[in-house]
Every structure is written in structure tokens, then in C-alpha cells.
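J.:
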Amino acid sequence: MIAGIAVTGVLLLATMPAAGQAPAYRVPRTADGKPNLNGIWQAVNSANWDLEGHAASTGPVPSLGAVFATPPGLGVVDGDEIPYLPAAAAKKKANQANWVKLDPEIKCYLPGVPRATYLPYPFQIVQSQKNILISYEYANAVRVVNMEAPTKAPAEGWMGWSNGRWEGETLVVDVTSLNGDTWFDHAGNFHSDALHVVERYTPRSADTLNYEATIEDSKVFSRPWRISMPLYRRVEKDARLLEYRCAEFAEELLYGPLRKKPIN
Amino acid sequence: MSHRLLTSFSALVAVLLLAQAPLAGQAWTPPRTADGQPDMQGVWTNGTLTPLERPKGLGTKEFYTDQEFAALAKRVRQGDVGTEADLGAANNQALRYDLSLYGFDITKATFASNKRTSLIVGPEGVVPPVLAEARKRNADRAAKNKGHEFDSYENRPLQERCILMGQERIPMLPGVNDNNELQIVQGPGWVAFLHEINHSTRVIPTDGRPHISQKVRQYQGDSVGRWEGNTLVVDTTNFTGLTAFRGSGEKLHLVERFTRASDDTVTYQITVEDFTTWDKPWTAEIPMTKTPGPIYEWACHEGNSEISTILRGARVVEEDAAQKTAK
Numbered sequence: 001m002i003a004g005i006a007v008t009g010v011l012l013l014a015t016m017p018a019a020g021q022a023p024a025y026r027v028p029r030t031a032d033g034k035p036n037l038n039g040i041w042q043a044v045n046s047a048n049w050d051l052e053g054h055a056a057s058t059g060p061v062p063s064l065g066a067v068f069a070t071p072p073g074l075g076v077v078d079g080d081e082i083p084y085l086p087a088a089a090a091k092k093k094a095n096q097a098n099w100v101k102l103d104p105e106i107k108c109y110l111p112g113v114p115r116a117t118y119l120p121y122p123f124q125i126v127q128s129q130k131n132i133l134i135s136y137e138y139a140n141a142v143r144v145v146n147m148e149a150p151t152k153a154p155a156e157g158w159m160g161w162s163n164g165r166w167e168g169e170t171l172v173v174d175v176t177s178l179n180g181d182t183w184f185d186h187a188g189n190f191h192s193d194a195l196h197v198v199e200r201y202t203p204r205s206a207d208t209l210n211y212e213a214t215i216e217d218s219k220v221f222s223r224p225w226r227i228s229m230p231l232y233r234r235v236e237k238d239a240r241l242l243e244y245r246c247a248e249f250a251e252e253l254l255y256g257p258l259r260k261k262p263i264n
Numbered sequence: 001m002s003h004r005l006l007t008s009f010s011a012l013v014a015v016l017l018l019a020q021a022p023l024a025g026q027a028w029t030p031p032r033t034a035d036g037q038p039d040m041q042g043v044w045t046n047g048t049l050t051p052l053e054r055p056k057g058l059g060t061k062e063f064y065t066d067q068e069f070a071a072l073a074k075r076v077r078q079g080d081v082g083t084e085a086d087l088g089a090a091n092n093q094a095l096r097y098d099l100s101l102y103g104f105d106i107t108k109a110t111f112a113s114n115k116r117t118s119l120i121v122g123p124e125g126v127v128p129p130v131l132a133e134a135r136k137r138n139a140d141r142a143a144k145n146k147g148h149e150f151d152s153y154e155n156r157p158l159q160e161r162c163i164l165m166g167q168e169r170i171p172m173l174p175g176v177n178d179n180n181e182l183q184i185v186q187g188p189g190w191v192a193f194l195h196e197i198n199h200s201t202r203v204i205p206t207d208g209r210p211h212i213s214q215k216v217r218q219y220q221g222d223s224v225g226r227w228e229g230n231t232l233v234v235d236t237t238n239f240t241g242l243t244a245f246r247g248s249g250e251k252l253h254l255v256e257r258f259t260r261a262s263d264d265t266v267t268y269q270i271t272v273e274d275f276t277t278w279d280k281p282w283t284a285e286i287p288m289t290k291t292p293g294p295i296y297e298w299a300c301h302e303g304n305s306e307i308s309t310i311l312r313g314a315r316v317v318e319e320d321a322a323q324k325t326a327k
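The listed protein sequences correspond, in order, to chains D and W.
Counting from 1, one number per residue, gives the positions in the first sequence under the numbering used here.
Counting from 1, one number per residue, gives the positions in the second sequence under the numbering used here.
1) Assuming A134/W contacts G247/W (C-beta within less than 8 Å), just tell me the rounded distance between them.
2) What are the complete alpha helix (DSSP H) segments, minimum 4 residues, inside the stretch 176-223 of chain D?
3) Please give the ranges of any beta strand (DSSP E) in the stretch 237-288 of chain W, keeping only runs that are unbroken, at least 3 residues long and fully inside the region.
4) Of the residues H195/W, F258/W, R137/W and S262/W, which one's Cα is nearest the Cα of G293/W?
5) S152/W lies in the alpha helix (DSSP H); which residues open and close that run?
6) What in chain D is Cβ-close to P205/W, meaning under 7 Å?
7) State the DSSP-derived secondary structure class of K260/D, mapped to helix, strand or coil.
8) Report, in whole angstroms, the separation of the C-beta atoms of T208/D and P224/D, which I expect to be a contact under 8 Å.
9) Please go through the same chain and pick out, in chain order, the residues whose beta-carbon is closer than 7 Å to the beta-carbon of P31/W, but skip the five residues on each side of it.
10) Considering only the beta carbon of each residue, do S162/D and V113/D sit closer than 9 Å?
11) Given this structure, state the Cα-to-Cα distance separating C246/D from E84/W, to the nearest angstrom.
12) Across which residues does DSSP place V126/D in a beta bridge pair?
13) Please tell me whether D181/D and W49/D are closer than 9 Å, where the distance is taken between their beta carbons.
14) Which one or two residues does DSSP pair with D174/D in a beta bridge?
15) Against chain W, does Y138/D count as a neighbour if the rule is that its beta carbon must be under 9 Å from one of theirs?
16) Classify D344/W as helix, strand or coil using the three-state DSSP reduction.
17) Are the C-beta atoms of V216/W and some chain D residue less than 9 Å apart?
18) For F193/W, which of helix, strand or coil comes out of DSSP?
19) Using a Cβ-Cβ cut-off of 8 Å (strictly less than) and excluding sequence neighbours within five positions of V13/W, which residues of its own chain qualify?
20) Could you please give the first and the last residue of the uninterrupted alpha helix (DSSP H) stretch that includes Q96/D?
21) Looking at chain W, is there any beta carbon in it that lies within less than 9 Å of the beta carbon of V144/D?
22) Just checking, does the stretch 281-300 of chain W make contact with the stretch 45-52 of chain W on the three C-beta pairs under 8 Å criterion?
23) Indicate the three-state DSSP secondary structure (helix, strand or coil) for G157/D in the structure shown.
24) Does DSSP classify H211/W as helix, strand or coil?
25) Identify, in the order they occur along the chain, each residue of the same chain with its Cβ nearer than 7 Å to the Cβ of L258/D, setting aside the five sequence neighbours on each side.
26) Grab the span of the beta strand (DSSP E) containing N254/D for me, first residue to last.
27) Starting from Y296/W, find everything on chain D with Cβ-Cβ shorter than 9 Å and list it in chain order.
28) Using a C-beta to C-beta distance shorter than 7 Å, which residues of chain D count as neighbours of A192/W?
29) For F63/W, which of helix, strand or coil comes out of DSSP?
30) So which residues on chain D does G187/W lean against when the C-beta distance must stay under 7 Å?
31) Taking only three categories from DSSP, how would you classify P60/D?
32) Short of 7 Å in beta carbon distance, which residues of its chain neighbour G393/W, apart from the five on each side in sequence? Order them along the chain.
33) Can you tell me whether H148/W is buried or exposed? The criterion is at least 16 other CB atoms within 10 Å of its CB, across all chains shown.
34) Where are the alpha helix (DSSP H) runs, 4 residues long or more, that stay fully inside the stretch 25-79 of chain D, in chain order?
35) Kindly list the residues whose CB is nearer than 6 Å to the CB of S228/D, restricted to its own chain and excluding five residues on each side of it in sequence; keep chain order.
36) DSSP three-state label for R137/W, please.
Quick look at the structure:
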């Protein structure tokens, strides 16, 4: 009985947050003692339409009526303002005005980081010791986060080069070598090839993570800025990623005019 | 043959001779992941010089002897191997191209050594005859496309369209000379396979869950896995009729077995079954060998100028022909 009380005391102490800190969720561990982030996750917001706060609006194809209208959103940017340099602000506006032609997602191009995270499709974290693989349903996009000594990218790419580390409960991923061809959303928010993203994945409950990304690009922004949002576990029985090899959904757009007998 | 290629083939033979696979049946205990799965993680290549089907003339002979293997290696050096080794582009184009310019330099590639005479196992060593109904199905499809090959992107093969490349398509048969790299990452209850070509990723559950609804058909089907001792067994169904692996239909049923056979070898065994295409299942065994990483990003669709160039070319030819007729 006395031993039981002593154990309870230890348990209570172990779960008490340190003085001055907000009580933090402690996620179950993997077999090698790391926070266990394995699972299929998805953002539930309208960040992919516009990172900044936005009201609902008419969709790009009038004949589709309410089906593909833009859903409203409170915004995921700290301070709700992306700090563009003046020339870049003008380009963002031009992008937005012509997004139906220019948004790389329309062509099924690889989405880059952080956009891959909040596209309206699930992604799966497969966590090992030396590597963490992140597989995205959209376009079969993938990243392998190196968890050993940081390495340099062999080449620039659409999904960049990811080096990760643990900071307490948080997986921190440093992403470099991203090309300048991806966007952040349908609203024309963009970056250059000088983009540097630091992501933080922090468990906030058994089935939710908090996702933060700090975005730095001195060619486009006057200072680093940050987005944050929860990610939700896909808890359905038998949840798994399915094929969304969208190249074929973009072919008519890209190659239709070159048909022997164009459809229109 | 140029001096350069002779040097290349010498290097190749060295690779063939040095990389000896462990003897069949030899006991070897694979390392374990933190949660106790046999650990197959790393970057592997299934590149091989062994042809899928056994060359005619070898009859039921499944393995070369050491002496025969050495003699074959010598003939590889002379570039005179006929159908006994699959040199791919190196075989046919040796006299026309400097392969190193195109990234197809086989001397820079890693191959698992293999004394099998064919990847297909068993006395026959060839793909079983295709059933009449499957021959008709495939002939009808080809006939429908004949004369329309350049009409539209829809008439082009899946790999030109960056939808499904030869090497990523399961079962994964090696492509000759290039793009055979595969990274395996294991998490609790899941095994991920990342094929470099087309950043093709499969994340396979190993928790005993059933296949998804038969209504959901996918190019790569639906894969579920389980561990049998040191072997990961992956069962795949739900293919599309367009997947057409060597003429298969949507009833294709594939069983893949991955076994870590030594520190630097994973044995990849496939059993292919489709009773609408072949009258019996057939099995092949492909050694995968360790290769230095990392896996690069192989973005295909984003840089695809092939489809638009082919279609534009066809339209130009048609316009020229129309103008000549008009004159």
C-alpha cells in the first residue's frame, strides 16, 4: 500500500508540467522512445484556397455553381498578413487574378512545402529512426526526412530537401532546395527559389497535431512569417492513402489543343 | 567496339564477379527494427543482367555452374552474350551511342549477381502461354489504337504520359540500365516503398486488414501485407484493366515476397496470377542489392515535353500532307 502511494506520487510528478510552462500533451512513444507521429493526417481548413482570411466567393467555373465555389476561412497566417516586398505584392495580385491558368496545382504539379500539408488530401507519416517518410495522396508526392546528421541536397526539387530533428515533443523539419515553381494556395501567394521553410509538428492530443511552418524568402518577403493549423488523424477503420495520380486529370488542359480533333 | 566500351565492359565483369550472392539456404539472421520487424530499410536496386525469360537452348537448366558463369562474364566483356544477359541499351546501342552521355552507363550501375539463367523460376523459365481470350482482348485493344497512335494523348502509353512508368509498375521488373532504385522505410504496422522513378510510393499496411472495396480500382491495385517469419508478403488486387502487366487484365492478382537474404541483398519474389490471361500462375525471383543513396526526385509530369512534342509533330506532318494534296 505504501509502495502504491509512492508510485502514485511519482506518476503525479511525472505528469505535472514544469513551472511556468503551459501543460503539454505527452504523446505515446515509438519503440525507440521518440514521439510517435505515425498515422494518416489531414488539414481541415481552407488554407489551400487562401492562407489569409477570406470570405466565401464565386468559384472559377460558373457552370459548376456552388460545387466549386471558394469556401471561407479565418486564415492561418500569424497576424493575417503575408509581408510581401512591394514588387512581389504586385505579382501576387497578378497571380490571383489569373490563378485558374497559373496555379501549379491545376496542372497536377508537385505541390512543394508547406502546401503539401494542407492540400485537401490526406498524407501519411511513416516514422523510422534514420528517416521519416511522408507520403502524400496528392500526385503521389513524397518526402524522406533525414533524421541523422543533416545532409545537403544533391539537387533542387519540387519537394525540396528535408533534414529533421526532435525538440522535445516536436518534430522540426528544415526544408531547403525548393524550386521557385510552386505556390502556397489558389490565391496566388508565391515564393522564389530562395524559400526556406522550418516546419514544426507537435502532438496536441492522441488524434491531432499542431503544424507550424516558418517561411523565409528574402527575394519575396520583407521578414519571415508563420502559418499554423491543426492536423487531424484520419481515424476511419482501414483508412489508407488511395491513388490520386492526377497527371491524367490535367492532360486535356495541357494537351487537348494538340488533339487531331480538338474537343471544342 | 570502341576502347572506351571495352573498358566499360571490363568494369562490368568485375561487378558481376565480385558481387556474389549468398548460397541458397544459408542461414542468416536479419537485423530487427526497434519494434521487432525484420529490418529491410535502405536503398536497393533490382537492376540485373539476368533476362526475365530463359534463353532458348538452355532447356530446363535453372542455374549456371561457377565455370559457366565465369565464361558468360567473359563473353559479356566481349559484348557477345546474345540473349543470355540483358544488356538493354548497352547491347543494342553500343556502337551508336556513348552511353555515359545519357546516364545509361551500366558500368556505373549496381547489379546483384545472379546465377539464375532467367528471373522466372522453375523448369520452364518462361511466361506461360497467353490464353486465347487474352490474346483477343489485347489484339482488339491494339487494333483500336492502330492508325490513331498520334491522335491524342489518350492514344499514348501510360509511361509517356508520366502516369505509370515501367519500373514502378508492380510487380517491379527491373528496367535495363537505369532507374531501378527503391527505398524501404518501415514504421510500426506499415512498410513504405519509394521507387525513385516517378516518386512512386506505396505504403503497405501489415496489420492484417482486408483489401478495400472491389469498386476501387487503381493502377497499382490495393496492397496488404503480412510478415511470415523474415519475409514480408504483399498481396495485391483491385488493378485496372489499363494496368496491363504483360497483357494482364483487371483480375491480376499479385503476391510479392521480400526477404532480407543477407546484409546487402533482399530477395524479391513475385507470383503473378490472372486466370483471364494465363492458364497458370508464374513466379520470378529478382535479387535486389544495396546501392548508395540518396533517392533523387524524379519529377516526370512536370517536365513532360514528350507528349506535346509528339502530338505537335503529328499535327505538322498532317498539315504538310494537306498542303501537298491541295497543290
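All C-beta atoms, glycine included, are put in the ideal place defined by N, C-alpha and C.
Note that the coordinates shown come from a computational prediction; the quantities given were computed from them, not determined experimentally.
T.: Taking the geometry as given:
1) 6 Å
2) none
3) 253-262 and 265-273
4) H195/W
5) Segment: none, S152/W is in no alpha helix (DSSP H) and carries neither H nor E.
6) R240
7) coil
8) 25 Å between Cβ atoms; not a contact.
9) D39
10) yes
11) 40 Å
12) L133/D
13) no
14) N163/D and V198/D
15) no
16) Chain W is shown from 1 up to 327; residue 344/W falls before or after that span and cannot be answered.
17) yes
18) strand
19) Below a pLDDT of 50, predicted positions are generally treated as unreliable, and V13/W, at 38, falls in that range; the measurement from the model is reported next regardless. Excluding residues within five positions, the ones whose Cβ falls inside 8 Å are A73, K74, V76 and R77.
20) P86 to A97
21) yes
22) yes
23) strand
24) coil
25) none
26) It is Leu, not Asn, that sits at residue 254/D in the sequence shown. Here L254/D belongs to no beta strand (DSSP E); instead the alpha helix (DSSP H) covers E251 to Y255.
27) P154, A155 and G157
28) V126, L133 and S135
29) strand
30) N38, V126, Q127 and S128
31) coil
32) Look at the range of chain W in this structure, 1 to 327, and you will see that residue 393/W is not part of it.
33) exposed
34) none
35) E212
36) helix
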